[in-house]
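The block underneath contains the structure these notes are about, expressed in structure tokens.
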Amino acid sequence: MTMTNAGQKTRLAVFASGNGSNFEALAQACADGRLNAEIVLLVCDKPGAYVCERAGRFGIETFAFRPKEYASKAEYERRIVGLLDDKGVELVCLAGYMRILSDVMLEAYRDRIVNIHPSLLPAFKGAHAIRDAFDYGVKVYGVTIHYVNGELDGGRIVDQRAIYYDGDDIDELEAKIHAVEHVLYVDTVARLIGSRG
Ligand code: GAR
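Take the position in the sequence shown, starting the count at 1, then add 1469; the result is the number in my numbering.
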């Protein structure tokens, strides 16, 4: 990945749809200097999602939109690309953004979009990965960070962490996985922006 403003804070956008704990992990790391970056925009496809409140607390600008109010995905993504371009965004981090991106976003930000997913991809893609893996009875869970392409949870893997769990409490398991996500996302973004050209 090639970034342009060596020496300055990297300009990030985060896309999220719900709770926003990964957004908060990234925002907190920017705020306390563990990440040499700034989140210049939160993009949220569910106005009223808790992530928007988190962004407010950090003073981070939010673009919250209702997809149904646009004629097509291409139309709202063109709007988003315009905002990202205006803000000089260099890296887009999907953090619980539950939508597949179209070519409008993928071509505008090629190789500059990453996603976090709570499984060891390519196992357990989709919106219920933790529940699906738990129901399957796996003993090794995990977290993946990957570049984003047009497939569900698809794209070249950047990093992964395995998590061993043999208990029967899905809430405990989820807490363990989310804790690993928050550390791995910050570490991976730090590595990606550190490697900028
Ligand atoms: C996270 O576990 C993330 O990995 C997952 O959504 C959750 C969002 O939590 N993403 C996917 O499942 C993508 N397919 P958060 O809103 O608290 O960050």
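Note that CB positions come from ideal geometry on N, CA and C, so glycine has one too.
All of these numbers come straight from a predicted model, not from anything done at the bench.
Span separating the alpha-carbon of residue 1612 from that of residue 1630: 5 Å
Top-ranked residue by Cα proximity to residue 1529, from 1577, 1499, 1576, 1627: 1499
Cβ pair count under 8 Å reaching 3, the region 1553–1573 against the region 1491–1505: yes
Short Cβ contact (8 Å threshold) for residue 1557 with residue 1480: yes
Top-ranked residue by Cα proximity to residue 1553, from 1649, 1510, 1594, 1518: 1510
Any non-hydrogen atom of the ligand GAR closer than 7 Å to residue 1587 Cβ: yes
For residue 1617, the nearest candidate out of 1643, 1581, 1639 (CA to CA): 1581
Segments assigned alpha helix (DSSP H), at least 4 residues, entirely inside the region 1479–1564: 1490–1500, 1519–1527, 1542–1555
Range of the contiguous beta strand (DSSP E) that encloses residue 1684: Residue numbering for the chain in the displayed model covers 1470 to 1666; residue 1684 lies beyond these limits and cannot be assessed.
Nearest-angstrom Cα separation, counted from residue 1587 out to residue 1598: 6 Å
Euclidean distance between Cα positions of residue 1660 and residue 1653: 10 Å
Residue 1539 versus residue 1547 - alpha carbon distance: 11 Å
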